[in-house]
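**Student:** Mapping of the sequence shown onto this note's numbering: position 201 corresponds to residue 219, and the numbering continues sequentially without gaps. Note that the Cβ used here is the ideal one computed from N, Cα and C, for glycine as well.
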Amino acid sequence: MDEPISAPGSGPVTVRGHGLSEDAEVLRGYYRQMMLIRVFDQRAAEMYTRAKIGGYCHLSLGEEATVVGLMAAMRPTDYLFSTYRDHGYALARGCEPERVMAELFGRATGLSGGRGGSMHLFDAERRLLGGYGIVGGQIPPATGAALALSYRHGPGPGCEAVMCLLGDATTNIGAFHESLNLAAVWRLPIVYVIVNNQLGMSTPVEAAAGEPELFRRGCSYRIPGKRVDGNDVLAVREAARAALDRARGEHQPMLLEAVSWRLGGHSVVDPARYRSEAENQQAREADPVPAFRARLIGAGVLHPAAADRIEAEAEQAVAGAVEAADRAPAPQAETLFGHVYATPAANTHYGLPGDPAVQP
């Protein structure tokens, strides 16, 4: 029997029932993050159509529960390597919406100084070590970071760990298998997370993978794997937390697969006509944001009026981020060659096009 909640939407109270056993404020916080990510990506799509955002732009619509669950499992000292579908991860990792939106706008106040745009969000302070535009480009450096950690710390609960995100189609490239093999041989503290939205661009997983249960792909390297419902923020968090703990404590790499639905196309310019109406309807019915809202209201954790306020606050925060990004300055031309090298390199030419290669 569910425990009654005396004051819906109020302070810390442990909720049991409705599949929940959690501090109420934590649950409301997860919904707040999921709603912020949803609204942010919706406005990002709008800004793209208004030509405020250039280049490529990939959204996390339908993956919000996976995003928030994974980030909730990480410690501040853990390192994150992301795919190019990275807006939500930056927000859930604690990056300010103003700085994330400014980066999408290509402004100097952005996370990467306007240099990276949508696909290359980076925040060293929060140990977000980049979104990567090349499919699978993040896997070797993430594995290398885990190797560095293994030299820095022996196995133990205080060890730092790496989480490396990848899409379902990325499991077909060579770097995935090479990195998993090295992680197994060297026993690295890393968790590879396959964010399986069931389409590699426009190709269903079953049409591209000889083993469509992707979490099993670590078996040949004796890397344990697990599949989890990517629409359940708490299930994702618990599975990721257990995997990270094992990676820390035993230096045992893990493979986690979170399955959800992508609500739109591969990017904002993709109309996703390759999906049937039945598939689109199934994706809409599985939408984790309204489902979690209903789940919290049903458990007495969240009053409908409080849910409305959370949604209004998300709208307001994102509107402020758009306004701030629109006002922010563009990077100055003289900074073009900044951050090319981590440390100064000899004989490097920092002139602009047309400047003499050798100064008199």
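1) What did DSSP end up calling ASP288 once you bin it into helix, strand or coil?
2) What separation, rounded to the nearest whole angstrom, lies between the Cα atoms of GLU268 and VAL246?
3) Return helix, strand or coil for VAL44, following the three-state DSSP convention.
4) Does the count of Cβ pairs from the stretch 74 to 86 and the stretch 97 to 107 closer than 8 Å reach three?
5) In three-state terms, what does DSSP make of GLU21?
6) Should PRO322 go down as buried or exposed, given a rule of 16 or more other Cβ atoms within 10 Å for buried?
7) Hey, ALA276 and VAL213 are a contact pair by Cβ (cut 8 Å); roughly how many whole angstroms apart?
8) Assuming ALA227 and THR188 are in contact, meaning their beta carbons sit under 8 Å apart, how far apart are those beta carbons, in whole angstroms?
9) Keeping to the same chain, check which residues put their C-beta closer than 7 Å to that of GLY128; ignore five residues upstream and five downstream.
10) Identify the continuous beta strand (DSSP E) that holds GLY106 and give its terminal residues.
11) Considering only residues of the same chain and omitting the five flanking positions on each side of PHE355, which have a CB-CB separation below 6 Å?
12) Tell me, to the nearest whole angstrom, how far the beta carbon of ILE208 is from that of PRO159; I am working on the premise that it is less than 8 Å.
13) Are LEU79 and ASP59 closer than 8 Å when you measure CB to CB?
14) Using only the alpha-carbon positions, how far apart do VAL254 and GLN51 sit?
15) Using the Cβ count rule (16 or more neighbours within 10 Å means buried), how would you classify GLU178?
16) Should LEU198 go down as buried or exposed, given a rule of 16 or more other Cβ atoms within 10 Å for buried?
17) Would you please state the rounded distance, in angstroms, between the beta carbons of ASN249 and ALA304? I believe it to be under 8 Å.
18) Between the alpha carbons of TYR102 and ALA339, how many angstroms are there, rounded?
19) Can you say whether PRO306 is buried or exposed, counting buried as having 16 or more other CB atoms within 10 angstroms of its CB?
20) In this structure, how does DSSP classify LEU88 when only helix, strand and coil are distinguished?
21) According to DSSP, GLU275 sits in a beta bridge with which residue or residues?
22) Threshold first: 4 residues or longer. Then list the alpha helix (DSSP H) segments lying entirely within the stretch 288 to 330, N to C.
23) Ignore the nearest five residues each way along the sequence and tell me which others in PHE99's own chain have a CB closer than 6 Å to its CB.
24) Which of the three DSSP states is assigned to ASP141 in this structure?
25) Excluding the 5 residues preceding and the 5 following GLY283 in the sequence, name in chain order all residues of the same chain whose CB lies nearer than 8 Å to its CB.
26) Which of the three DSSP states is assigned to CYS177 in this structure?
27) Ignore the nearest five residues each way along the sequence and tell me which others in ALA325's own chain have a CB closer than 8 Å to its CB.
28) Whose C-beta lies closer than 8 Å to the C-beta of PHE140 among residues of the same chain, with five residues either side of it excluded?
29) What span of residues does the alpha helix (DSSP H) with SER168 cover, start to end?
30) Under the three-state reduction of DSSP, which class applies to TYR3: helix, strand or coil?
31) Would SER136 be called buried (16 or more neighbouring beta carbons within 10 Å of its own) or exposed?
32) Using the Cα positions of LEU206 and GLU196, report the straight-line distance between them to the nearest angstrom.
33) Compute the Euclidean distance between the alpha carbons of ALA90 and VAL336, then round it to the nearest angstrom.
34) Given a threshold of 16 other Cβ atoms within 10 Å of its Cβ, counted over all protein chains shown, does ALA332 qualify as buried or as exposed?
35) To the nearest angstrom, how far is the alpha carbon of GLY151 from that of GLY132?
**Tutor:** Checking against the coordinates, here is how it stands:
1) coil
2) If you draw a straight line from the Cα of GLU268 to the Cα of VAL246, it is about 22 Å long.
3) helix
4) yes
5) Reliability of the predicted coordinates at GLU21 is poor, the pLDDT of 31 falling under 50, and the value obtained from them is presented with this limitation in mind. Assignment of GLU21 by DSSP, reduced to helix, strand and coil, places it in the coil class.
6) Its Cβ having fewer than 16 others within 10 Å, PRO322 is exposed.
7) With 8 Å as the limit, ALA276 and VAL213 qualify as a contact, their Cβ atoms being about 6 Å apart.
8) Not confirmed; about 11 Å, so no contact.
9) ARG117, ALA120, GLU121
10) First-last for GLY106: 105 to 110, but that is the alpha helix (DSSP H), not the beta strand (DSSP E).
11) TYR368
12) That pair is no contact at about 11 Å.
13) Contact check for LEU79 against ASP59 passes: the beta carbons are separated by less than 8 Å.
14) 15 Å
15) Label assigned to GLU178: buried.
16) buried
17) 5 Å
18) 20 Å
19) buried
20) Under the three-state reduction of DSSP, LEU88 is assigned to helix.
21) ILE212, ARG245
22) The stretch 288 to 330 contains these whole alpha helix (DSSP H) runs: 295 to 303, 306 to 316.
23) LEU147, GLN156, ALA160, CYS182
24) strand
25) PRO289, ALA290
26) coil
27) TYR49, ARG311, LEU314, ILE315
28) So the qualifying residues of the chain are LEU129, SER130, GLY134, LEU146, LEU147, GLY148, GLY149.
29) 157 to 170
30) There is simply no residue 3 to check, as the chain begins at 19 and stops at 378 in what is shown.
31) buried
32) 14 Å
33) Rounded to whole angstroms, ALA90 and VAL336 show a C-alpha spacing of 21 Å.
34) buried
35) Using only the alpha carbons, I get a separation of about 15 Å.
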